[in-house]
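Enquirer: Per this note's numbering, the sequence shown starts with residue 8, numbered consecutively.
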Amino acid sequence: MAKIQKGFKFILPFILLQIIFESVGFRRTGNSNIDTYTLIKEIGTSMANSIGLENSIANSIIWLVFFLFVSSLFYIFLIVVIKSIVNQRSINYKENFEESIDYFTRYFGVNIIMTIILAIVTLVSGIFMISPYTVLISPILIVSMDTLLKPCGAYLVYYNSSIDEALSDGVKLGKDYFWRIIFLSFIITFINILTNASTNLNIITYSLMDFFKVSIKFYILMFSMYICKREDVLDIKK
């Protein structure tokens, strides 16, 4: 915890950039939760409701790929900085960014695969939305899969691993620390519900709530990196 507190000042610029991005989305759309899952749902809705509107679906897919590219570049840079914090190395943004480029292709690949997995789970879980008795199964499946996949990016960077190793071993870490990760994820979800449900929320109040939400989101990344290091130490002791 002490390491995380000391490293917070190095994470702060990323938090502010994320808040600015989400604030723009909030002012334009009224929705703060601009993420991969939201875009997947939009594509699914377009496919279900717009027969013959191929352009709408194509535009959604193009936007999703662009979003994944930009977010991958942003998050891989952030994860490399977090790795330096966890390993108690000095922070040099220029060097960290150059290092992040080496991981980018693999991280982007992991992001694409995770998005496809979440898309499949989202489409399959839609079956359970038909009956009011099984309607809760759908969000449980989606949240569970998302939780299992969260450590994969941190694993790839910490161990400089291949894509398949990051996915398989990252999911194992997700299983081992499932309840800790999902608890933090539920806090983020709760804040999203509050911000999106408040129709008269001004930009200052929203930004304060978003600061808390983004800080928790990035804490999950730091926690994922920390458990990678912890497992590494345990393996050495064995």
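Think of the CB as a built atom: it goes at the ideal place given N, C-alpha and C, for glycine as much as any other residue.
What separation, rounded to the nearest whole angstrom, lies between the Cα atoms of I189 and I83?
Expert: Using only the alpha carbons, I get a separation of about 22 Å.
Enquirer: Spell out whether any CB of chain C is found under 8 Å from the CB atom of F185.
Expert: No chain C appears in this structure, which consists of one protein chain only.
Enquirer: Taking three-plus beta-carbon pairs below 8 Å as touching, is the region 208-216 in contact with the region 175-182?
Expert: The answer is no - the region 175-182 does not touch the region 208-216, with fewer than three Cβ pairs under 8 Å.
Enquirer: Can the beta-carbon of M232 be found less than 8 Å from the beta-carbon of K16?
Expert: Not in contact: M232 and K16 (Cβ atoms no closer than 8 Å).
Enquirer: Can you list, in chain order, the residues of its chain with a C-beta nearer than 7 Å to that of I26? Leave out the 5 residues immediately preceding and following it.
Expert: So the qualifying residues of the chain are S214, D217, F218 and V221.
Enquirer: Whole-angstrom Cβ separation of C235 and A161, contact assumed at under 8 Å?
Expert: About 6 Å separates the two Cβ atoms, so the contact holds.
Enquirer: Hey, Y114 and S79 are a contact pair by Cβ (cut 8 Å); roughly how many whole angstroms apart?
Expert: Rounded, the Cβ-Cβ distance is 6 Å, consistent with contact.
Enquirer: Spatial neighbours of I22 within its chain, please: C-beta separation below 8 Å, excluding the five flanking residues on both sides.
Expert: So the list reads F218, V221, S222 and F225, once near-sequence residues are dropped.
Enquirer: Label V142 either buried or exposed according to how many other C-beta atoms from any shown protein chain fall within 10 Å of its C-beta, with 16 as the threshold for buried.
Expert: Looking at its Cβ environment, which holds fewer than 16 other Cβ atoms inside 10 Å, V142 is exposed.
Enquirer: Taking the alpha carbon of I227 as the point to measure from, which residue in I198, E238 and Y184 has its own alpha carbon closest?
Expert: Considering only alpha carbons, the answer is Y184.
Enquirer: Would you mind listing the alpha helix (DSSP H) stretches within the region 92-171 that are 4+ residues and don't spill past its ends, in chain order?
Expert: Those alpha helix (DSSP H) runs which fall completely within the region 92-171 and span 4+ residues are 100-132, 144-156 and 159-166.
Enquirer: Would V87 and N103 be called neighbours here (beta carbons separated by less than 8 Å)?
Expert: Contact: yes.
Enquirer: For E106, which residues of its own chain have a beta-carbon under 7 Å away from its beta-carbon, when the five flanking residues on both sides are left out?
Expert: Cβ within range, chain order: V87.
Enquirer: Any idea what DSSP makes of Y213, helix, strand or coil?
Expert: Correct three-state label for Y213: helix.
Enquirer: Quick check: the Cα distance between V77 and I144, rounded to an integer number of angstroms?
Expert: Looking at the two C-alpha atoms, the distance is approximately 32 Å.
Enquirer: Compute the Euclidean distance between the alpha carbons of Y110 and V164, then round it to the nearest angstrom.
Expert: Each residue's alpha carbon lies about 7 Å from the other.
Enquirer: Suppose the cutoff is 6 Å on Cβ atoms and the five residues either side in sequence are ignored; what does the same chain contact list for K48 look like?
Expert: Low confidence applies to K48: its pLDDT is 48, below 50, so where it sits in the model is not reliable, and the reading given next is rough at best. Hits under 6 Å: none found.
Enquirer: Given a cut-off of 8 Å on the beta-carbon distance, is the pair M152 and L130 in contact?
Expert: No, Cβ-Cβ distance for M152 and L130 is not below 8 Å.
Enquirer: Run through DSSP, which three-state label would Y233 get?
Expert: Looking at Y233 - three-state DSSP - the assignment turns out to be helix.
Enquirer: What residues in its chain sit with their C-beta under 7 Å from that of K157, if we drop five residues either side in the sequence?
Expert: Once the five neighbours on either side are set aside, the close Cβ partners of K157 are G181, I188, I227 and S231.
Enquirer: Short of 6 Å in beta carbon distance, which residues of its chain neighbour V93, apart from the five on each side in sequence? Order them along the chain.
Expert: So the list reads M232, Y233 and K236, once near-sequence residues are dropped.
Enquirer: Taking the alpha-carbon positions, what's the F81 to I149 distance?
Expert: When rounded, the distance between both Cα atoms is 24 Å.
Enquirer: Can you give the Cα-Cα distance for S192 and I127, rounded to whole angstroms?
Expert: Taking the straight line from one Cα to the other gives about 21 Å.
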